[in-house]
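Working notes, structure below.
Number of protein chains: 2
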Amino acid sequence: MLKVRKPYLVFLGDVALRSDAKTGFGLRDWCGNDVIGEWALPEAQVSLELPRMTPPQAAAAGAGSLVIGVAPPGGQLPEAWIPTLRLALESGLDVVSGMHTRLEQFPDLVQAAKRGGTRLVNVRHTERAMPVGTGRRRSGKRLLTVGTDCALGKKYTALAITRELSARGIAATFRATGQTGILISGEGIAVDAVVADFVAGTAELLSPDNAPDHWDVIEGQGALFHPAYAGVTLGLLHGSQPDAIVLCHDPARSTIEDHPHISLPTLGEAIRRYLEAGRLTNPEVCCVGVAINSSSLSDQDWGRYREALQAELDLPVCDPLRGGVATIIDLLQT
Amino acid sequence: MLKVRKPYLVFLGDVALRSDAKTGFGLRDWCGNDVIGEWALPEAQVSLELPRMTPPQAAAAGAGSLVIGVAPPGGQLPEAWIPTLRLALESGLDVVSGMHTRLEQFPDLVQAAKRGGTRLVNVRHTERAMPVGTGRRRSGKRLLTVGTDCALGKKYTALAITRELSARGIAATFRATGQTGILISGEGIAVDAVVADFVAGTAELLSPDNAPDHWDVIEGQGALFHPAYAGVTLGLLHGSQPDAIVLCHDPARSTIEDHPHISLPTLGEAIRRYLEAGRLTNPEVCCVGVAINSSSLSDQDWGRYREALQAELDLPVCDPLRGGVATIIDLLQT
Numbered sequence: 194m195l196k197v198r199k200p201y202l203v204f205l206g207d208v209a210l211r212s213d214a215k216t217g218f219g220l221r222d223w224c225g226n227d228v229i230g231e232w233a234l235p236e237a238q239v240s241l242e243l244p245r246m247t248p249p250q251a252a253a254a255g256a257g258s259l260v261i262g263v264a265p266p267g268g269q270l271p272e273a274w275i276p277t278l279r280l281a282l283e284s285g286l287d288v289v290s291g292m293h294t295r296l297e298q299f300p301d302l303v304q305a306a307k308r309g310g311t312r313l314v315n316v317r318h319t320e321r322a323m324p325v326g327t328g329r330r331r332s333g334k335r336l337l338t339v340g341t342d343c344a345l346g347k348k349y350t351a352l353a354i355t356r357e358l359s360a361r362g363i364a365a366t367f368r369a370t371g372q373t374g375i376l377i378s379g380e381g382i383a384v385d386a387v388v389a390d391f392v393a394g395t396a397e398l399l400s401p402d403n404a405p406d407h408w409d410v411i412e413g414q415g416a417l418f419h420p421a422y423a424g425v426t427l428g429l430l431h432g433s434q435p436d437a438i439v440l441c442h443d444p445a446r447s448t449i450e451d452h453p454h455i456s457l458p459t460l461g462e463a464i465r466r467y468l469e470a471g472r473l474t475n476p477e478v479c480c481v482g483v484a485i486n487s488s489s490l491s492d493q494d495w496g497r498y499r500e501a502l503q504a505e506l507d508l509p510v511c512d513p514l515r516g517g518v519a520t521i522i523d524l525l526q527t
Numbered sequence: 194m195l196k197v198r199k200p201y202l203v204f205l206g207d208v209a210l211r212s213d214a215k216t217g218f219g220l221r222d223w224c225g226n227d228v229i230g231e232w233a234l235p236e237a238q239v240s241l242e243l244p245r246m247t248p249p250q251a252a253a254a255g256a257g258s259l260v261i262g263v264a265p266p267g268g269q270l271p272e273a274w275i276p277t278l279r280l281a282l283e284s285g286l287d288v289v290s291g292m293h294t295r296l297e298q299f300p301d302l303v304q305a306a307k308r309g310g311t312r313l314v315n316v317r318h319t320e321r322a323m324p325v326g327t328g329r330r331r332s333g334k335r336l337l338t339v340g341t342d343c344a345l346g347k348k349y350t351a352l353a354i355t356r357e358l359s360a361r362g363i364a365a366t367f368r369a370t371g372q373t374g375i376l377i378s379g380e381g382i383a384v385d386a387v388v389a390d391f392v393a394g395t396a397e398l399l400s401p402d403n404a405p406d407h408w409d410v411i412e413g414q415g416a417l418f419h420p421a422y423a424g425v426t427l428g429l430l431h432g433s434q435p436d437a438i439v440l441c442h443d444p445a446r447s448t449i450e451d452h453p454h455i456s457l458p459t460l461g462e463a464i465r466r467y468l469e470a471g472r473l474t475n476p477e478v479c480c481v482g483v484a485i486n487s488s489s490l491s492d493q494d495w496g497r498y499r500e501a502l503q504a505e506l507d508l509p510v511c512d513p514l515r516g517g518v519a520t521i522i523d524l525l526q527t
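Heads up: the protein sequence lines correspond to chains A and G, in order. Here this note's numbering is used: the first residue of the first sequence is 194, the next is one more, and so on. Here this note's numbering is used: the first residue of the second sequence is 194, the next is one more, and so on.
Encoded structure:
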C-alpha cells in the first residue's frame, strides 16, 4: 500500500465552488493534525481558513507533501497549476494527486521531482489487477453510505458512523473508496479509477470476510441518479453487499449538481431504488437512516425539516455535523 | 473512436474447437463482404469455408488487416502464432486483436510493424482519454439492446435490427461496444475496458448527434441483474439515452450464468427496471420488443412460448435467428 508523507500543505488551485474542494475540507476536518496550511492561485474563491503558506514556507515548516485538495469534474489537471506543483517538488515536497490525470504526464513535474529528490504520488491509480465480482456473501456486517447526488456528505457520514461505533465499543473499520478517504485513512481503493468491469470485484476486495459482529463502514460514491457516475455507484453497491444503507442528501439541491435538467428523486423514492438494486447481492439490505447536509438551514428550519422527514420516512434523520449520528447507531444496535 | 482497416483476412491459429472460433464465424456471418479470406496453421481443425490465403496473398488482394478470429487457450497469444503475425505486418496488413494481451508485448511484432509501416490494433484497449458523461440530449434516435443476463444475444439482436432498418430504407448505424462488434463494424469502443468514471461519457461519444430520423442501434453489455457487470450496463444505458430498448433473454436460463444463487427477474420486471433506470437521461424511453434466444426450444414450444409472452407483455417477441426482427421494426415505425 502506498505511503503518503505527512503533514500536508493543501493546494486548492483556482477552485470556484466549495463542493469542488471537498478533499481539502475532508483533510482539514478528519485529519486536521496532519494539515499545516493551505495554498491557492489568486483566482481561487474558496478557503479552508487554514494558515496560508507558499510551498517553500510549508517545506520549511516541516510539511512532507503538497496535496491537491480539489477534485474538478473529470479529474483533469489544469496547466495553470503546473508552476506551483513544480515549485513544491523543487522545495522538497512530494506532490500527491487524487485526479485521473497522472502527474507523470507532465515532463516539467517529472524533472522537478528529480531535481528536488521528491515523488509524484497518484492516489487514484492502482497498479494491481482487480478481480471480477463473484456475488459471494461474506461474513461480518457492512454499512454503505449512498446519496441523492455526488458531493453531499457520504464520506463524512461514513467517518462519523465509524467514529460513533468505535466510541460505543463496536468493532468498525472505515473503508475508503475515494482519494480523500484514502488520504485520511491511509488505505483504500479509488473505485472510480478501476476499469469498469472490475468495480464490483474491487468493492468485494475492499471489505473482505470479517468477524460476525464487525462493521465495515464503506464510503459511497456518486449516485444512482447521476447521469455520469451511476454505474460506479451500482457496482460499489453490488460488491459491498451492505446489510444497511444510510441515504445522504442536501435539501438545498433539487437537481443534480451541474445538471439542472435532472431532478433529484424524493428521499422515499431514492431509498426504494437503492434497496431494490442492493437486494441483488444482499436480499436483507435495509435503510437505517438519513444523513442530511443541513448547512443551508437555520436551526429552526433544520428542526422542522428533520421532524417532518422522520415522520414521513419512519427513520432516524440526522446531520453528522449538527448533532451527530447517534440515532442511526441506536437503530443499528436494535 | 477506434477504426479498423477493412477488408479482413481472418486468422484461426491452431484452433481445435468451433466454439473457440466464434469471433471468426461472427465476422463471416455479419460482415461477410469485408472478409476476403481465412488463414490458419496446419494444426487447425476448424474452417470458416472461405478462400484460404497467405497474408501476402491477402495483402495483394487488397486486405487491410489480419484479424485474430479465435480465442487462444488461456487468453494468451501463443508463440507459435508470432511468425504468421510478423509476416502479415511485413506484408502490409495491420494485425488486429481482441485479446487482453497487448500485441505490443511482443518485440518481434513491434519491429515487424515498423518495417511494414503497419499497425498493432488492440480492440479491447483504448488509448484515448474518455470524457465524463454530460446527460445532454442528442439529436437522432437510439435503440439499445439490454438483457436479463450476459451472453444471450444482445450483439446479434442489435445487428439484426440494424440490417432490418437498412433493408427498409431507414438510416441506421450499428454501434459496437465489445471486441467482436468492433471488428464487425470496423469501429467502436469496448466500454467495459474503460475506467469506471467514464463509461457513460464513452457511451455518449459512441452515438453522437445525428440526423433526426437516423437510428443508432447500440450493442448492449452485461445486465442490470449481474453481480459483477451491472455498473457497466447502467453507465452504457445512461450514456446511450435510448429512445427504445429491446430486452434479450434465453428461456433456458433461470439464474445468472455462473451465479446459480442469483435468480433472473421476470421479463416484465426486467423491462420495468431498465425503463426506470433509463428515464434518468431519456424520460421518453420505451420498450419496443423482446428478443429471445430460442435455441433450446422445439418449433412447437417456441411458438407457444412466443404467443404466451406476447400476450403477457403486449410487445413483439421474436428470435433474430428464427424469423427475424420484423415485428419489432414494425412497432418502431408506428
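Note that beta-carbon positions come from the ideal geometry of N, C-alpha and C, so glycine has one too.
Residue i vs residue j beta-carbon contact at 8 Å
i, j, result
"K334(G)", "H407(G)", "yes"
"D342(G)", "H454(G)", "no"
"A256(A)", "L286(A)", "yes"
"A351(G)", "A404(G)", "no"
"L337(A)", "P435(A)", "yes"
"Y467(G)", "L417(G)", "yes"
"E397(G)", "G326(G)", "yes"
"V263(G)", "T216(G)", "yes"
"G482(A)", "L508(A)", "yes"
"I377(A)", "G517(A)", "no"
"D443(A)", "A484(A)", "no"
"G424(A)", "G291(G)", "no"
"R279(A)", "L302(A)", "yes"
"C224(G)", "G346(G)", "no"
"R308(A)", "E283(A)", "yes"
Where residue i sits in the DSSP three-state scheme
i, result
"G285(A)", "coil"
"E380(G)", "strand"
"I363(A)", "coil"
"G432(A)", "helix"
"F299(A)", "coil"
"T338(A)", "strand"
"A305(G)", "helix"
"S488(A)", "coil"
"A256(G)", "coil"
"D385(G)", "helix"
"M194(A)", "Since pLDDT at M194(A) reaches only 44, below the 50 mark, its modelled position is unreliable, and no value is offered."
"G424(A)", "helix"
"L202(A)", "strand"
"T474(A)", "coil"
"L313(G)", "strand"
"S290(A)", "strand"
First and last residue of the uninterrupted beta strand (DSSP E) at residue i
i, result
"I229(A)", "V228 to W232"
"G394(A)", "Counting along the chain, G394(A) falls outside any beta strand (DSSP E), though it belongs to the alpha helix (DSSP H) covering V392 to L399."
"P453(A)", "H452 to S456"
"W408(G)", "W408 to I411"
"A437(G)", "A437 to H442"
Best match in the options for proximity to residue i [C-alpha to C-alpha]
i, options, result
"E450(A)", "I354(A), I382(A), A344(A) and C479(A)", "A344(A)"
"I522(G)", "A252(G), F367(G), I377(G) and A353(G)", "A353(G)"
"G328(G)", "A423(G), R499(G) and G394(G)", "G394(G)"
"T426(G)", "V392(G), S400(G), P444(G) and H452(G)", "V392(G)"
"L205(A)", "L243(A), S332(A), A383(A) and H442(A)", "L243(A)"
"Y422(G)", "S258(G), R245(G) and V339(G)", "V339(G)"
"G400(G)", "A273(G), I377(G), G415(G) and T370(G)", "Looking at the sequence shown, residue 400(G) is not Gly but Ser. If we check each option's Cα against that of S400(G), T370(G) comes out closest."
"R604(A)", "A504(A), V316(A), S488(A) and C479(A)", "Summary: the structure shown does not reach residue 604(A), with chain A confined to residues 194 through 527, and so no result is reported for it."
"L525(G)", "V439(G), T366(G) and L202(G)", "V439(G)"
"R356(G)", "A463(G), D222(G) and T247(G)", "D222(G)"
"R330(A)", "E477(A), I261(A), D207(A) and G381(A)", "E477(A)"
"G415(G)", "T277(G), G362(G), K348(G) and A322(G)", "K348(G)"
"D402(A)", "I464(A), S332(A), I382(A) and N315(A)", "S332(A)"
Alpha helix (DSSP H) segment containing residue i, residue limits
i, result
"Y467(A)", "L460 to G471"
"F218(G)", "K215 to W223"
"D523(G)", "A519 to Q526"
Contact between the segment 291-298 of chain A and the segment 195-213 of chain A (3+ Cβ pairs under 8 Å): no
Touch test, the segment 381-398 of chain G against the segment 233-245 of chain G, Cβ-Cβ under 8 Å, three pairs minimum: no
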